[in-house]
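Asker: For the sequence shown, the working numbering assigns the number 688 to the initial residue and increments by one for each residue that follows. Just so it is clear, CB atoms sit at the ideal spot from N, CA and C, and this is done for glycine as well. Below are the structure tokens for one structure; questions will follow.
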Amino acid sequence: MKENNFTNIYFDESGNTGHNLTDSEQPVFVLASCNFDDEQSNELINIIQSNSTTEVHFKRLRKSTNGQDSIINLMSNHLINPNNVKISIFNKPFMVVSKIVDILIESQWHAEGRDLYKNGLNISYSNVFFIIFLNFFEKEHVDEMYMSFIKMIQKKTEEDISNFYSNIQGLYDKCSNVKLRDIISEIIRTRHIVRDVLYTVDKTALDPAIPALFSHSVLWGKVYQDGFNIIHDDSKAIESKKETFRLLMDKTQSEIELGYDKRRFALPLKAKELIFAKSEDHKQLQIADIISSSFAYWLNRIHYNKDKDSLFNKLNELNLQHLCEGGIAIWPSTDITPQELGLEFEGGLNLVNHVADFLNKARN
688 MKENNFTNIY FDESGNTGHN LTDSEQPVFV LASCNFDDEQ SNELINIIQS NSTTEVHFKR
748 LRKSTNGQDS IINLMSNHLI NPNNVKISIF NKPFMVVSKI VDILIESQWH AEGRDLYKNG
808 LNISYSNVFF IIFLNFFEKE HVDEMYMSFI KMIQKKTEED ISNFYSNIQG LYDKCSNVKL
868 RDIISEIIRT RHIVRDVLYT VDKTALDPAI PALFSHSVLW GKVYQDGFNI IHDDSKAIES
928 KKETFRLLMD KTQSEIELGY DKRRFALPLK AKELIFAKSE DHKQLQIADI ISSSFAYWLN
988 RIHYNKDKDS LFNKLNELNL QHLCEGGIAI WPSTDITPQE LGLEFEGGLN LVNHVADFLN
1048 KARN
């Protein structure tokens, strides 16, 4: 059922632990969205439970052989394709690193009149830091630093600021490689601006649900340029930012394209409504749950050595990565140069100032 004359897009998450990005039990976050109409969703749900009206959930289905077979049959259905489904994946430890770069180093560069987003330098820095932290330091020390950064963003106290920079300094002191020390010093030198930066940073800045929803809104806006509705499974994080998303949909402003390279996007967002709903009321949300949870289950076992059971083996045969086409992937790689990243600068507008300007105009 449509809320108005626009297509409904249905969203559900898996692995959302909020700002707790160091949760070893759930190191991956996934957002799935789909545009299935009632006929298509009935076809897919009938794969799971042809003779029952009970709400379906991945967690219940995966516990039995028949349930696992139903998951695989749904995930391999012809309707599960990039035209109907969008996926975003987040490696949570890597997201901590990317937020250190985006919140601290980008702010330092911006104050110096430099643009960290050109040529994908923010992603390059994130990959370099992640590689260094993963390979040159003990995990417990890196995890302690990650947790102190998260706490600093959440609490913003002098004690928390001191703890974070003390942990970074500790890693610097343990490192004998001069080049690596120079790289780590990029974080250390943000110490003098951190109070001003924290004043502007919202506590939800570390929640992957928010950039994931924004990314999907951009993707679906390219498909439904006249508009669409967001039907999102109940989410406290998204609900807390509902007003911001409403402002980003401000249709009274002229369209403006922001960002660089393949990361460009247009404001206002094409979404018309952001509506929260219960999965029991929408079969499409139940399908999105199975899709997002299947991805999280698969990724956790590929990258974090969790038990590779029969369900994983079956999912691993489905070529799931093709569903990630065009979606956001906050995921580490060894790509460093603009050429390797595919992010060579070809013009564009820096998004930091222009998004703020757009929001301010929308408020007035």
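Would you check if the region 1010-1030 and the region 806-815 touch, i.e. whether three or more CB-CB distances between them fall below 8 Å?
Answerer: yes
Asker: Considering only C-alpha positions, which residue in the set Glu700, Asn770 and Gln727 is nearest to His744?
Answerer: As a first step, residue 744 must be located in the sequence shown, where it is residue number 57. Taking only the C-alpha atoms, the option nearest His744 is Glu700.
Asker: Could you give the residue range of the beta strand (DSSP E) that holds Ala719?
Answerer: Here the question's residue 719 lines up with position 32 in the sequence shown. In this chain, the beta strand (DSSP E) harbouring Ala719 covers Val715 to Cys721.
Asker: Please return the same chain residues whose Cβ sits closer than 8 Å to the Cβ of Glu1033, not counting the five positions on each side in sequence.
Answerer: Within the sequence shown, the letter at position 346 stands for residue 1033. Tyr947 and Asp948.
Asker: If the criterion is Cβ atoms closer than 7 Å, does the pair Gln971 and Phe723 meet it?
Answerer: As a working note, residue 971 is residue 284 in the sequence shown. As a working note, residue 723 is residue 36 in the sequence shown. Yes.
Asker: Whose C-alpha, out of Ile1015, Gln940 and Asp976, is nearest the C-alpha of Asp1044?
Answerer: For the purposes of this step, residue 1044 is identified with residue 357 of the sequence shown, where counting begins at 1. That would be Gln940, whose Cα lies nearest to the Cα of Asp1044.
Asker: For Glu1031, tell me which candidate among Gln755, Lys805 and Leu791 has the shortest Cα-Cα distance.
Answerer: Taking the sequence shown and counting its residues from 1, the one referred to as residue 1031 is at position 344. Residue Lys805 is the option with its Cα nearest to Glu1031.
Asker: Would Leu1038 and Leu935 be called neighbours here (beta carbons separated by less than 7 Å)?
Answerer: The sequence position of residue 1038 within the sequence shown is 351, counting from 1. The sequence position of residue 935 within the sequence shown is 248, counting from 1. In this structure, Leu935 does not lie closer than 7 Å to Leu1038 by Cβ.
Asker: Using 8 Å for Cβ pairs, my map puts Leu766 next to Gln727. What's the rounded Cβ distance?
Answerer: For the purposes of this step, residue 766 is identified with residue 79 of the sequence shown, where counting begins at 1. For the purposes of this step, residue 727 is identified with residue 40 of the sequence shown, where counting begins at 1. Their Cβ separation, rounded to whole angstroms, is 6 Å, which keeps Leu766 and Gln727 in contact under 8 Å.
Asker: Residues in the same chain with beta-carbon distance under 6 Å from Val715, minus the five sequence neighbours each way, listed in chain order, please.
Answerer: For the purposes of this step, residue 715 is taken as residue 28 along the sequence shown, with counting starting at 1. The answer, listed in chain order, is Gly702, Ala983, Leu986 and Asn987.
Asker: Determine the burial state of Ile962: buried for a count of at least 16 other Cβ atoms within 10 Å of its Cβ, exposed for fewer.
Answerer: Position 275 of the sequence shown, counting from 1, holds the residue named residue 962. Exposed is the call here.
Asker: If you run the structure through DSSP and keep just helix, strand and coil, what is Ile759?
Answerer: For the purposes of this step, residue 759 is taken as the residue at position 72 of the sequence shown. The answer is helix: DSSP assigns Ile759 an H, G or I state.
Asker: Based on the DSSP output, what are the partners of Leu772 in its beta bridges?
Answerer: Translated into the one-based positions of the sequence shown, residue 772 becomes position 85. Inspection of the sequence shows that residue 772 is occupied by Val rather than by Leu. According to DSSP, Val772 bridges with Cys721.
Asker: In the DSSP assignment, find the beta strand (DSSP E) that holds Thr694 and state where it starts and stops.
Answerer: Along the sequence shown, one-based indexing puts residue 694 at 7. Unbroken beta strand (DSSP E) run through Thr694: Thr694 to Ser701.
Asker: Please state the DSSP three-state secondary structure of Tyr991.
Answerer: Reading the sequence shown from its first residue, position 304 is the one you call residue 991. In the structure shown, Tyr991 sits in coil (DSSP, three-state: anything other than H, G, I, E or B).
Asker: What are the partner residues of Asn916, as DSSP defines its beta bridges?
Answerer: Mapped onto the sequence shown, residue 916 falls at position 229. Paired residue(s): Asn695 and Glu960.
Asker: Please check if any C-beta of chain D sits within less than 7 Å of the C-beta of Tyr812.
Answerer: The displayed structure is made up of one protein chain only, and chain D is not part of it.
Asker: Following the continuous alpha helix (DSSP H) through Leu858, name the residue where it begins and the one where it ends.
Answerer: As a first step, residue 858 must be located in the sequence shown, where it is residue number 171. Glu845 to Lys861 is the extent of the alpha helix (DSSP H) around Leu858.
Asker: Does the distance from the CB of Ala1016 to the CB of Ile810 come in under 7 Å?
Answerer: As a first step, residue 1016 must be located in the sequence shown, where it is residue number 329. As a first step, residue 810 must be located in the sequence shown, where it is residue number 123. No. Outside cutoff.
Asker: Note down the Cα distance separating Lys928 from Ser979, rounded to an integer number of angstroms.
Answerer: Taking the sequence shown and counting its residues from 1, one reaches residue 928 at position 241. Taking the sequence shown and counting its residues from 1, one reaches residue 979 at position 292. So the alpha carbons of these two residues sit roughly 22 Å apart.
Asker: In angstroms with no decimal places, state the Cα-to-Cα distance between Lys957 and Leu867.
Answerer: Reading the sequence shown from its first residue, position 270 is the one you call residue 957. Reading the sequence shown from its first residue, position 180 is the one you call residue 867. Taking the straight line joining both Cα atoms gives about 43 Å.
Asker: Please list, in chain order, all residues of the same chain as Gly754 whose beta carbon is under 6 Å from its beta carbon, the five residues on each side excluded.
Answerer: Stepping through the sequence shown from its first residue, residue 754 is reached at position 67. Same-chain partners within the cutoff: Leu748.
Asker: In this structure, what does DSSP give as the bridge partners for Ala1016?
Answerer: Counting from 1 along the sequence shown, the entry for residue 1016 is found at position 329. Ala1016 is bridged to Ile776.
Asker: Three or more beta-carbon pairs under 8 Å between the region 868-877 and the region 888-899, yes or no?
Answerer: no
Asker: If I follow the unbroken alpha helix (DSSP H) through Phe824, where does it start and stop?
Answerer: The residue given as residue 824 occupies position 137 in the sequence shown. Element bounds for Phe824: n/a, residue is neither H nor E.
Asker: How long is the line joining the alpha carbons of Gln841 and Ile734, rounded to whole angstroms?
Answerer: As a working mapping, residue 841 is identified with position 154 in the sequence shown. As a working mapping, residue 734 is identified with position 47 in the sequence shown. C-alpha separation (whole angstroms): 43 Å.
Asker: Going by beta carbon distance, what residues of the same chain come within less than 7 Å of Arg876, once the five residues before and after it are set aside?
Answerer: Translated into the one-based positions of the sequence shown, residue 876 becomes position 189. Result list for Arg876: Gln795, in chain order.
Asker: Can you find the residues in the same chain that come closer than 8 Å, C-beta to C-beta, to Asp710, ignoring five residues on each side of it along the sequence?
Answerer: The residue given as residue 710 occupies position 23 in the sequence shown. Result list for Asp710: Thr704 and Lys779, in chain order.
Asker: Hey, would you say Leu906 sits closer than 7 Å to Lys786, going by beta carbons?
Answerer: Mapped onto the sequence shown, residue 906 falls at position 219. Mapped onto the sequence shown, residue 786 falls at position 99. Not in contact: Leu906 and Lys786 (Cβ atoms no closer than 7 Å).
Asker: Given a cut-off of 7 Å on the beta-carbon distance, is the pair Thr694 and Tyr991 in contact?
Answerer: Indexing the sequence shown from 1 puts residue 694 at position 7. Indexing the sequence shown from 1 puts residue 991 at position 304. It is not a contact, given that the beta carbons lie outside the stated cut-off.
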